[in-house]
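Participant: Residue numbers (my numbering): 18 to 308.
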């Protein structure tokens with residue numbers, strides 16, 4: 018009987034302040050969407066780092082006047098180096114063909130470079146990309162070595178940009194969370210004020226604190242759960258329409274975002290929405306109702 022009364026009061030309360038309830042649900046949805054998006058971005062950046070760092074190559078460009086002995090000695094040193102995973106020699110002709118393939122869509126750039134102008138090089142895969150500096154210091158002064166370039170420098174710039182996007186998403190989610198907290202607190206105050214006489218009567222007849230507070234807290238919890246469901250729907254649409262749709266051409270750059278990672282955000286968002294809304298409602302009632 019008590020549970021039936023509490024649930025009926027929850028439904029009445031949600032409908033009585035329907036506009037504020039809708040506003041609370043939308044605010045929670047936006048906040049949780051940003052929170053879920055930032056979580057997915059964090060996981061995606063982590064996966065991309067693991068994927069691309071494993072494929073990083075150190076390019077050791079050779080001088081035009083390098084001798085066969087110097088080239089052979091350098092290749093032997095690289096292959097016997099415990100930090101090196103693999104060594105691939107790229108001749109001038111191979112470098113030119115690779116250049117033609119990469120810039121096939123820009124004929125003017127291809128025509129500006131002649132065969133033999135691109136240097137020969139060793140493409141070195143490292144066992145641990147973090148040890149690039151040690152490899153560079155070991156070979157930067159070797160005979161025949163012209164320049165050493167690490168692909169990680171370019172990737173770090175990309176990951177820094179993605180990290181900035183992640184930070185912006187977290188900041189936006191924090192701002193929206195504060196707005197949601199204020200809106201939940203305000204909605205609960207309005208609901209409690211509209212039922213102040215009923216609350217006073219329940220106090221007089223000895224109703225317990227949880228019995229008085231339960232309908233108000235559950236109103237906030239329902240709003241939080243609905244907001245998390247809407248927010249999850251927004252994330253799912255984002256994956257279908259953006260990552261699997263208009264941005265699908267970037268699959269060569271972006272690692273795939275699996276549905277398992279998206280689905281795991283639903284319980285996390287629901288938990289966050291439930292905790293935030295219920296705690297905010299409970300704290301508000303402790304100060305407002307003085308029960």
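Yeah, the Cβ is synthetic: ideal placement off N, Cα and C, and Gly gets one too.
Predicted, not measured: the structure shown is a model, and the values here were computed from it.
With contact counted as at least three CB pairs below 8 Å, one residue from each stretch, are the stretch 58-70 and the stretch 100-109 in contact?
Facilitator: no
Participant: Can you tell me whether residue 185 is buried or exposed? The criterion is at least 16 other CB atoms within 10 Å of its CB, across all chains shown.
Facilitator: exposed
Participant: Starting from residue 101, follow its DSSP beta bridges and name the residues at the other end.
Facilitator: 143
Participant: Are the beta-carbon atoms belonging to residue 237 and residue 279 less than 8 Å from one another?
Facilitator: no
Participant: Could you check if residue 132 is buried or exposed, using at least 16 other CB atoms within 10 Å of its CB as the buried criterion?
Facilitator: By the 10 Å Cβ count, residue 132 comes out exposed.
Participant: Which same chain residues end up closer than 6 Å to residue 230 when comparing Cβ atoms and leaving out the 5 residues on each side of it in sequence?
Facilitator: 302, listed in sequence order.
Participant: Would you tell me roughly how many angstroms separate the C-alpha atoms of residue 53 and residue 251, rounded to the nearest one?
Facilitator: 10 Å
Participant: Drop a sphere of 10 angstroms on the beta-carbon of residue 74, count the other beta-carbons inside from all chains shown, and report buried for 16 or more, exposed for fewer.
Facilitator: buried
Participant: Would you check if the distance between the CB atom of residue 100 and the CB atom of residue 161 is smaller than 8 Å?
Facilitator: no
Participant: Quickly, what does DSSP pair residue 78 with across the bridge? List them, please.
Facilitator: 138 and 164
Participant: Using 10 angstroms around the beta-carbon of residue 18, count the other beta-carbons present and answer buried if the total reaches 16, otherwise exposed.
Facilitator: Its pLDDT being 43, under 50, residue 18 is placed unreliably in this model, and the value from its coordinates should be taken loosely. Per the 10 Å Cβ criterion, exposed.
Participant: Let's test the definition: count the other Cβ atoms within 10 Å of the Cβ of residue 50 and tell me whether it reaches 16, buried, or not, exposed.
Facilitator: buried
Participant: Can you give me the C-alpha to C-alpha distance between residue 308 and residue 299, rounded to a whole angstrom?
Facilitator: Residue placement at residue 308 cannot be trusted, given a pLDDT of 46 that sits under 50; the coordinates are not used to answer.
Participant: Work out the CA separation of residue 88 and residue 60 for me, nearest whole Å.
Facilitator: Their backbone Cα atoms lie some 42 Å apart in a straight line.
Participant: Measure the C-alpha to C-alpha separation of residue 68 and residue 55 and round it to an integer number of angstroms.
Facilitator: C-alpha separation (whole angstroms): 20 Å.
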